[in-house]
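Participant:
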Amino acid sequence: MKAVETILERAQSEGRTSLLEHEVYQILQVAGITVPRWHLWEGPPAAEPPKDVRDFLAGLPGHDVVLKIVSPQILHKSDLGGLAFCSREPGVVAPRARAIWGEVSSRAPSAELKGILLTEKVPTLPAGIASELLVSMKQDPAFGPVLVLGLGGVLTEWFGEFSHGTSTIILQPGRVRAGLEQFLPSLPVLRFLFQPSRLHRTPPLSLDAVAEALEGLGRVAQAFAGGSVDSRFTLEELEMNPMLLAAGGGWVAVDGVGRFSQRKSRRVERPLEKITRLLRPRSAVVIGASAKGMNPGRIILRNLKLAEGVGYGRIYAVHPKEKTIDGIPCVPNLEALPEPCDLAIVSIPAEGARDAIRTLSEKGLASSIILIPGGFAETGRRELEGQIIESLTASRARQDRGPVLVGGNSLGVVSKDNYNTFFLPLYKLPFHQAPGDHLAAISQSGAYLVALTSNLDGVVFPKVSISYGNQMDLTASDFLEYFLDDEEVRVLAFYIEGFKPLDGERFLDLAREAKRRGKQVIAFKAGKTALGAKAAQSHTASLAGDYAVARQLMIQAGVNVAETLDMFEDYIKVYTMLWDRRENGETGGNRVGVISNAGFECGAVLDKLYDLRLATLAPATLEKLRGCLPDIAHADNPVDATPMATTRQFIEATQAMLEDPDVDALLVSPVPVTSALDDLPPDLLGTHPENIFSSESLPQELLRLFRESRKPIVVSVDSGRLYDDMVMMLQRGGIPVYRKIDRASRALS
């Protein structure tokens, strides 16, 4: 890598942060990527080419040569007349070079022109889709070095937009082949490069060769990464567009741009063992509870007072005048606390919060801190945030390593059966017991965490619900690392707005480890819009923006990435409620049985099976279905029981499908608006005879079958709020319910 270092040092000495094309060629050669034969004709071209130029032209294998202007200010040469093709005869090359120089000088008078780059014209395969590729590396602030392979040429962005992002694959150095093998089946246009077709009798590219070349580029990227200590430089981006498919096989990088910087990032070590004190404190103090009004601090204090986990008599409030607030003893200042506390909740404005955290950190008065208010870096007040981080960093040098902090701009934490520090009264956000001891819900947005909690109340109650806000200290990756060792937590659901520098790369490593340990990570990544300012600088930025990088790399790391908030909530429900049935004891397969009483649902679900496949019912099962269903029913998978099927008939058919050895999982979708099904609560006015609390009602019978079987079961109830009671009864009994059949099949898949 010394050659690369030399190139970057020379560019920096000239005051540049961009690379010239021939410098990109030199770096690519270090990486093992093929480039065309090239030569730099420095300075303004003379009427007669010098000897070195003539010698180069004479040694070219073909009849033609490519001429390109060399300027650090010009990325797209053809837009300014800075690109030409001509015969390699010196008498032809010289006037064309002079013409290029004059054209660019007139159209970009402020650009610094350094010379003319001469390259061979590469013989290529016949033109067609995927004859020109984009290959690049970039240093993602969150994920470190990433590699990009996609369709290229002048239509690069069009390919990306037209294919809805499937014209590009994003890969991590060190995992290139695994990423290609995982993603290529879902990217048919890119798969075209590696298999025979009507256009190419033999595959244009070898998967092995491409993986090897990309790994070579990845090694350069890692050596000059933002987190690398081996060089003072960071190679921010190298883009080759187009990479041409050569007639003799393989690819050749015929165009290249690059940027570098001296930006460096370092991971900060935090005492993650103190998260235990955060989640299971035995003592706590609240700073910011009002004695007169119901402010957030007062609400937090009242919620803490009801806590089961915090020791009796070990909750304190800081107030300069009051002796008690709501029966909780007050101290005039933090120094007057009778003991250091496991948890401190800071709920005062930014400047006061900074001073409180400084005292807590310097004097060792808390093992963990929840910082409720915002008003720091997210509002431009970076100096305040910096001062808090300085206090925390200084405390880490002590033997006790100081406190950990959640926030700022945090809604708080709810630790099931321990405490609740959400600053919301319980009458607005109640917490009812429900399954969820295997789930940790970790959200950067406090408002979203509230919405999730409210939507799932009585259905799923996570073991912990953490609003981590600005990530001033603890990050999403910190919590993922901590819960790796919690054997009870098996599902980790993350709502993520952004990662701190290089924390995304760490998140991927931890997600792989979580998968290895049998845990499931679910994520919703906010921010899908490409950054227009960056997109104007390179094709890579427009195709591999923050969201695209996060999504593809997280999927490759085994994270279940939800594209919408509905999907996120659906996945949380199904993984939490059916965790112990993910692989039932018989086969653990993906063969699904579907039963409904509506033909439209049977048809719709066939188009939305996702990774499920229809089970083939055994002859004995088919006989049972014909025997219990109405004559007009479709007694095969998917079963259409018709609206004529009674509760008893529908349940008998459901049981027959559950007992079929080829059925690994069951999707049950009774449209409830038929009088044949008993699915309404009793009516005191006697307008109908139905009663869902009867042991023979549809929901009660479905719950019985659910308890008797170990197979995964989900239910779809595609009807209005009249049937909310039945939905809640099923979900409180442990069955995930969805209000559309395609949501049910996607979650089950």
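So the sequence shown is numbered by this note's numbering: it starts at 181 and just counts up by one.
Note that the Cβ used here is the ideal one computed from N, Cα and C, for glycine as well.
Could you name the residues of the same chain whose beta carbon sits closer than 6 Å to that of Arg371, not counting the 5 residues immediately before and after it, in chain order?
Facilitator: Leu364
Participant: CB-CB under 8 Å to Val586, same chain, minus the five flanking residues each way: which ones, in chain order?
Facilitator: Leu458, Ser548, Ile549, Ile550, Leu551, Val593, Ile646, Ser647, Tyr648, Gly649, Asp653, Leu654
Participant: Straight-line CA distance for Ile296 to Val246?
Facilitator: 10 Å
Participant: In chain order, what residues of the same chain lie with their CB nearer than 6 Å to the CB of Pro916, ignoring the 5 residues before and after it?
Facilitator: Lys753, Val754, Met757, Val894
Participant: Tell me Gly587's beta-bridge partners as DSSP assigns them.
Facilitator: In DSSP, Gly587 forms a bridge with Leu551.
Participant: Quick check on His814: does DSSP put it in helix, strand or coil?
Facilitator: strand
Participant: Can you give, in chain order, each stretch of the alpha helix (DSSP H) that sits fully within the segment 627-704 and has at least 4 residues?
Facilitator: 656-664, 683-696
Participant: Please classify Gly560 as buried or exposed, where buried requires at least 16 other C-beta atoms within 10 Å of its C-beta.
Facilitator: exposed
Participant: Assuming Asn421 is part of the beta strand (DSSP E), what are its boundary residues?
Facilitator: Segment 414-425, the beta strand (DSSP E) holding Asn421.
Participant: For the beta strand (DSSP E) containing Pro509, list its first residue and its last residue.
Facilitator: 508-511
Participant: Report the rounded CA-to-CA distance for Ser193 versus Arg399, giving the unit in angstroms.
Facilitator: 25 Å
Participant: With Gln613 as the anchor, note down where its alpha helix (DSSP H) starts and where it stops.
Facilitator: No alpha helix (DSSP H) holds Gln613; DSSP gives it neither H nor E.
Participant: Which stretch, first to last residue, makes up the beta strand (DSSP E) that contains Leu319?
Facilitator: Residue identity check: residue 319 is Gln in the sequence provided, not Leu. Residues 312-320.
Participant: The alpha helix (DSSP H) with Pro325 in it runs from where to where?
Facilitator: Pro325 -> not in any alpha helix (DSSP H); beta strand (DSSP E) instead, spanning 324-331.
Participant: Give the range of the alpha helix (DSSP H) segment to which Trp281 is assigned.
Facilitator: From DSSP, the alpha helix (DSSP H) with Trp281 extends over 270-287.
Participant: Measure the Cβ-Cβ separation of Leu847 and Leu928 and say whether it is below 8 Å.
Facilitator: yes
Participant: From the DSSP secondary-structure annotation, give me the bridge partner or partners of Val465.
Facilitator: In DSSP, Val465 forms a bridge with Tyr496, Ala524.
Participant: Which residues bound the beta strand (DSSP E) around Val894?
Facilitator: 893-896
Participant: Do you know offhand how far Glu563's Cα is from Thr539's?
Facilitator: 18 Å
Participant: Flag this pair as yes or no: are the beta carbons of Ala621 and Ala673 separated by less than 8 Å?
Facilitator: yes
Participant: Determine the closest residue to Phe704 out of Thr867, Pro289, Glu677, with distance taken between C-alpha atoms.
Facilitator: Glu677
Participant: Strictly by DSSP, which residues pair up with Asp599?
Facilitator: It is Tyr, not Asp, that sits at residue 599 in the sequence shown. Note: Tyr599 sits in a beta bridge opposite Ser595.
Participant: By Cβ distance below 8 Å, which residues in the same chain neighbour Ala798 in space, the five residues on each side in sequence not counted?
Facilitator: The beta carbon of Ala798 lies closer than 8 Å to those of Asp840, Pro841, Asp842 in the same chain, with the five residues before and after it left out.
Participant: Exposed or buried, which one is Gln732 when buried takes at least 16 other CB atoms within 10 Å?
Facilitator: buried
Participant: Scan the segment 849-885 and note each continuous alpha helix (DSSP H) run of 4 residues or more that stays entirely inside, going in chain order.
Facilitator: Runs of the alpha helix (DSSP H) lying entirely within the segment 849-885 and spanning at least 4 residues: none are present.
Participant: How big is the Cα-Cα spacing for Leu501 and Ala524?
Facilitator: Inspection of the sequence shows that residue 501 is occupied by Lys rather than by Leu. If I take the Cα positions, the gap works out to 20 Å.
Participant: Just curious, the beta strand (DSSP E) that Leu805 is in, first and last residue?
Facilitator: That residue, Leu805, is in no beta strand (DSSP E); its alpha helix (DSSP H) goes 799-808.
Participant: Rounded to whole angstroms, how far is the Cβ of Leu418 from the Cβ of Ile254, which I believe are closer than 8 Å?
Facilitator: That belief does not hold up - the Cβ atoms of Leu418 and Ile254 are roughly 17 Å apart, past 8 Å.
Participant: Using the Cα positions of Pro216 and Leu240, report the straight-line distance between them to the nearest angstrom.
Facilitator: For Pro216 and Leu240, the distance between alpha carbons rounds to 10 Å.
Participant: Touching or not, the segment 624-633 and the segment 571-581, by the rule of three or more beta carbon pairs under 8 Å?
Facilitator: no
Participant: Are the CB atoms of Ala391 and Val356 within a distance shorter than 8 Å?
Facilitator: yes
Participant: Run through DSSP, which three-state label would Asn740 get?
Facilitator: strand
Participant: When DSSP labels each residue in this structure, what does Tyr205 get in the three-state scheme?
Facilitator: helix
Participant: Figure out for me which residue from Lys699, Leu660, Ile702, Tyr675 has the closest Cα to the Cα of Leu690.
Facilitator: Of all alpha-carbon atoms in Lys699, Leu660, Ile702, Tyr675, the one lying nearest the alpha-carbon of Leu690 is that of Leu660.
Participant: Tell whether a beta-carbon distance below 8 Å holds between Ala426 and Thr573.
Facilitator: No, the pair does not count as a contact, with Cβ atoms beyond the cut-off.
Participant: Ile467 and Val498 look like a contact to me (Cβ under 8 Å); what is the Cβ gap, rounded to whole Å?
Facilitator: Ile467 to Val498, Cβ: 5 Å. Contact.
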